[in-house]
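Peer 1:
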Ligand code: SF4
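Residue numbers (my numbering): 612 to 709.
1) Note the first and the last residue of the continuous alpha helix (DSSP H) segment covering residue 650.
2) Using the C-alpha atoms, what's the distance from residue 670 back to residue 648?
3) Looking only at its own chain, which residues have a Cβ that is under 6 Å from the Cβ of residue 664, when we skip the five neighbours before and after it?
4) Which residue's Cα is closest to the Cα of residue 652: 631, 682, 636, 677?
5) Please report the distance separating the alpha-carbon of residue 691 from that of residue 638.
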């Protein structure tokens, strides 16, 4: 009988690897005087917790651990609060399977 080992989401995410493109983040948060509803939502919906609300009331992103799931792109839309592209070829997330 095979034992079922439960893993937390954080443990599974830790198995991924990322090739960071230094100095060229593939997602940018556009300048905002105050965070919109969508920007605040990003701090909750991103599975990799890439978005943070800083102490100056600005939503920032560190895209190094991005899973390229597209949730933030769908939430904000093409003309929304962020500029979203895929990483350049060879960079970004490397999913570990198995
Ligand atoms: S694409 Fe997904 S993982 Fe990457 S920043 Fe957006 S919501 Fe987070």
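Even glycine gets a Cβ: it sits at the ideal position worked out from N, Cα and C.
Peer 2: Quick look at the numbers:
1) For the purposes of this step, residue 650 is taken as the residue at position 39 of the chain shown. Where residue 650 is concerned, the enclosing alpha helix (DSSP H) stretches over 648-656.
2) For the purposes of this step, residue 648 is taken as residue 37 along the chain shown, with counting starting at 1. For the purposes of this step, residue 670 is taken as residue 59 along the chain shown, with counting starting at 1. Rounded to whole angstroms, residue 648 to residue 670 spans 11 Å at the Cα level.
3) If you number the chain shown from 1, residue 664 lands on position 53. Excluding sequence neighbours, residue 664 sits near 654, 670.
4) Locating residue 652 in the chain shown gives position 41, counting from the first residue. Comparing Cα positions, the closest option is 682.
5) Within the chain shown, numbered from 1, the residue matching residue 691 stands at position 80. Within the chain shown, numbered from 1, the residue matching residue 638 stands at position 27. In a straight line, the C-alpha of residue 691 is about 12 Å away from that of residue 638.
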